[in-house]
Amino acid sequence: MSDVASFAALLYETIAQNKLSGSRVHRVTDSATGALCVRRRPNSPQDPDGVATTMLKAHMRANASNKLVSIYLFDAIARHAQELARRGGTGTASKDAPATLAANATSLLRALQEPAAQVGIDSLRHVPPEQREKVRKVVDIWSRAGTFPAPILQRILEGGTRSEAPPPTRTVPPPVPAPVPPTRTTTAPAPAPPAPGAAPPLPPHVLALLGQAPPASASATPTPPAASMASPSPQPDSVRSPMSAPGATTAPRAGSRGPAETEDLRAFDQSTFDPTNSAHWERLARLWKNTYQYEASGPELMMALMSGALSKEQDPRWAAMPPMSGMPPMPGMPGMPGMPGMPEPSQGSDARRA
C-alpha cells in the first residue's frame with residue numbers, strides 16, 4: 000500500500016471514530032508527513048496534491064456530526080506542514096533531505112488553500128449550531144497564524160454567514176378574488192304557437208260528456224242554465240211538420256247560402272265521426288239545426304249518437320249500447336222526449352248532392 004493510501008485509510012478511520020486525542024492526532028500528522036516523502040515512481044502524481052485531495056474527500060464524505068473532528072484534523076495537518084516549511088524540514092525524522100521535505104510541505108500548503116475554503120464553508124453550513132463557534136475559532140487561528148491567505152479566510156466567513164442567515168420571508172400577496180360572472184337574466188321562453196293544422200279544443204260540455212276534466216280556463220265559464228238541458232221548446236207545426244213527416248221533402252230555400260249551410264243530417268256519416276274532434280261536433284250541431292231548425296244541446300247530440308238514430312246501420316263503436324228511445328231523466332229534470340225521425344232522402348236532395 001502506498002504512503003498516500005495508508006494516510007487515507009487512517010484519516011477515514013479517525014474521522015469515523017469521532018473522538019480525538021493527542022496520540023491520534025500525532026499518528027495522522029506523521030502519516031501525512033510520510034506521504035510527502037519522495038518515494039513515488041516517475042510520472043506519478045505529486046504526493047502533496049494526493050494528500051490535499053484525500054483530506055478534502057474525507058471531509059466531504061463525513062457525516063454532519065463528524066465534520067468538526069474532520070476540520071480539527073485538517074487544521075493539525077495544515078499547521079504541521081506550515082511548521083515544517085518554517086523550520087526548513089529539520090526537526091523531523093525523514094528519509095528525505097530537509098530541503099526536500101520543506102519544499103514538499105510548502106507545496107502541500109499551496110495545494111490546501113482551495114480545499115481549506117471548501118472545508119471551512121461546508122463545516123459552517125452543516126455542523127450542529129452549537130459547534131459553529133468552534134469552527135470560527137479554527138478560522139481565527141488560521142488568520143492569526145497566517146496559515147492560509149486572507150481571501151481564503153474571507154470566503155469561508157462570507158459563505159458560512161450566508162448559510163446561517165434565515166431564509167428571506169417571502170411576502171405572499173393576498174389572493175385575488177375570482178371575478179364574479181355577470182348575472183344572466185333568464186327570460187322565460189314564449190309559449191310555442193299551436194302547430195298548424197291542430198284541432199281546436201273541444202267545447203266544455205263535450206269534455207264533460209266524455210268524462211274528461213275541462214281545461215283551467217273552462218272553470219271561469221258560467222254553467223249553462225238548466226233550461227238548455229231540458230227538452231227543446233216546441234216548434235210551430237209549419238216549421239217542424241215538413242221535417243218530421245216521413246217521406247216529406249224539403250223544398251230548396253231561397254237565398255244565397257252555400258251548400259255547407261243547407262246540409263242536413265242526411266249528409267252525416269256516423270262511421271267517420273270522431274268524438275274527440277271539436278270540428279266534428281260543430282258540424283253535427285249545424286246539421287242538426289239545419290234539419291230540425293233549433294240548436295241541440297250537447298247531451299241531446301250524445302244521446303242521438305249512442306242510440307244510433309243518426310245512422311241507418313249500427314255504428315260498431317256504439318254496439319255495446321242498446322238503442323234508446325229518449326234521453327233518460329236527469330236529477331231534477333224531466334226526461335227527454337223520443338228522438339225525432341230521420342228525414343228520408345228525397346229525389347231532389349239526392350240530385351243536389353250528385
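If you read the sequence shown in numbering that gives the first Met the number 0, its first letter stands for residue 0, the second for the next number, and so on.
Idealized CB from N, CA, C, for every residue including glycine.
Could you have a look at Lys288 and say whether DSSP puts it in helix, strand or coil? Reading the sequence shown from its first residue, position 289 is the one you call residue 288. For Lys288, the secondary structure class from DSSP, reduced to helix, strand or coil, is helix.
Is there contact between the region 60 to 74 and the region 87 to 106, where contact requires at least three CB pairs shorter than 8 Å? no
How many angstroms separate the CA atom of Asp121 from the CA atom of Asn62? Numbered from its first residue, the sequence shown carries residue 121 at position 122. Numbered from its first residue, the sequence shown carries residue 62 at position 63. Rounded to the nearest angstrom, the two C-alpha atoms are 11 Å apart.
Using DSSP with H/G/I as helix, E/B as strand and the rest coil, what is Glu12? Walking along the sequence shown from the start, residue 12 turns up at place 13. The answer is helix: DSSP assigns Glu12 an H, G or I state.
Helix, strand or coil: how does DSSP classify Ser5 here? Counting from 1 along the sequence shown, the entry for residue 5 is found at position 6. Looking at Ser5 - three-state DSSP - the assignment turns out to be helix.
For a minimum of 4 consecutive residues, which ranges assigned as the alpha helix (DSSP H) are wholly contained in the region 65 to 111? DSSP runs (the alpha helix (DSSP H)) wholly in the region 65 to 111: 66 to 86, 97 to 110.
For the alpha helix (DSSP H) containing Leu304, list its first residue and its last residue. The sequence position of residue 304 within the sequence shown is 305, counting from 1. Leu304 -> alpha helix (DSSP H) spans 297 to 306.
By Cβ distance below 7 Å, which residues in the same chain neighbour Thr89 in space, the five residues on each side in sequence not counted? In the sequence shown, counting from the first residue as 1, residue 89 sits at position 90. Excluding positions up to five away in sequence, the list reads Pro97.
Whose C-beta lies closer than 6 Å to the C-beta of Pro214 among residues of the same chain, with five residues either side of it excluded? Sequence index remark: in the sequence shown, residue 214 carries index 215 (1-based). Since pLDDT at Pro214 reaches only 48, below the 50 mark, its modelled position is unreliable, and the value read off the structure follows with that caveat. Hits under 6 Å: none found.
Determine the DSSP secondary structure at Lys133, reduced to helix, strand or coil. In the sequence shown, the residue the question calls residue 133 occupies position 134. The DSSP-derived three-state label of Lys133 is helix.
In the structure shown, what three-state DSSP assignment does Ser270 receive? Counting from 1 along the sequence shown, the entry for residue 270 is found at position 271. It is helical.
Let me make sure I understand the geometry here. Which of Ala34, Phe267, Thr290 has the alpha-carbon closest to that of Trp280? Position 281 of the sequence shown, counted from the first residue, corresponds to residue 280. Among Ala34, Phe267, Thr290, the Cα nearest to that of Trp280 belongs to Phe267.
For Ala51 versus Leu107, is the C-beta spacing smaller than 8 Å? Taking the first residue of the sequence shown as 1, we reach residue 51 at position 52. Taking the first residue of the sequence shown as 1, we reach residue 107 at position 108. Yes, these two residues count as a Cβ contact at 8 Å.
Within 8 Å, strictly: CB atoms of Leu55 and Gln117: Along the sequence shown, read from residue 1 onward, the residue named residue 55 stands at position 56. Along the sequence shown, read from residue 1 onward, the residue named residue 117 stands at position 118. Yes, these two residues count as a Cβ contact at 8 Å.
Do Ala77 and Thr146 have their C-beta atoms closer together than 8 Å? Counted from its first residue, the sequence shown places residue 77 at position 78. Counted from its first residue, the sequence shown places residue 146 at position 147. It is a contact, given that the beta carbons lie within the stated cut-off.
Identify the continuous alpha helix (DSSP H) that holds Ser30 and give its terminal residues. Along the sequence shown, one-based indexing puts residue 30 at 31. That run of the alpha helix (DSSP H) goes 21 to 34.
Measure the alpha-carbon distance for Glu129 versus Arg135 and round it to whole angstroms. Here residue 129 corresponds to residue number 130 of the sequence shown, with the count starting at 1. Here residue 135 corresponds to residue number 136 of the sequence shown, with the count starting at 1. Looking at the two C-alpha atoms, the distance is approximately 12 Å.
Taking DSSP as the reference, what is the three-state secondary structure of Glu294? One-based indexing of the sequence shown puts residue 294 at position 295. Residue state, collapsed to three classes: coil.
Go through its chain and collect everything with a Cβ distance to Ala4's Cβ below 7 Å, but skip five positions before and after it. Walking along the sequence shown from the start, residue 4 turns up at place 5. Nothing listed; no residue qualifies.
On the criterion of 16 or more Cβ atoms from any shown chain inside 10 Å, does Lys378 qualify as buried, or is it exposed? Here the chain covers residues 0 to 353 and nothing more, so residue 378 does not appear.
So Asn289 and Thr271 are in contact, right, with Cβ under 8 Å, and what is the actual spacing, rounded? Indexing the sequence shown from 1 puts residue 289 at position 290. Indexing the sequence shown from 1 puts residue 271 at position 272. Rounded, the Cβ-Cβ distance is 18 Å, inconsistent with contact.
Return the CA-CA distance between Ala34 and Val24, expressed in angstroms with no decimal places. Within the sequence shown, numbered from 1, the residue matching residue 34 stands at position 35. Within the sequence shown, numbered from 1, the residue matching residue 24 stands at position 25. Going from the Cα of Ala34 to the Cα of Val24 covers about 16 Å.
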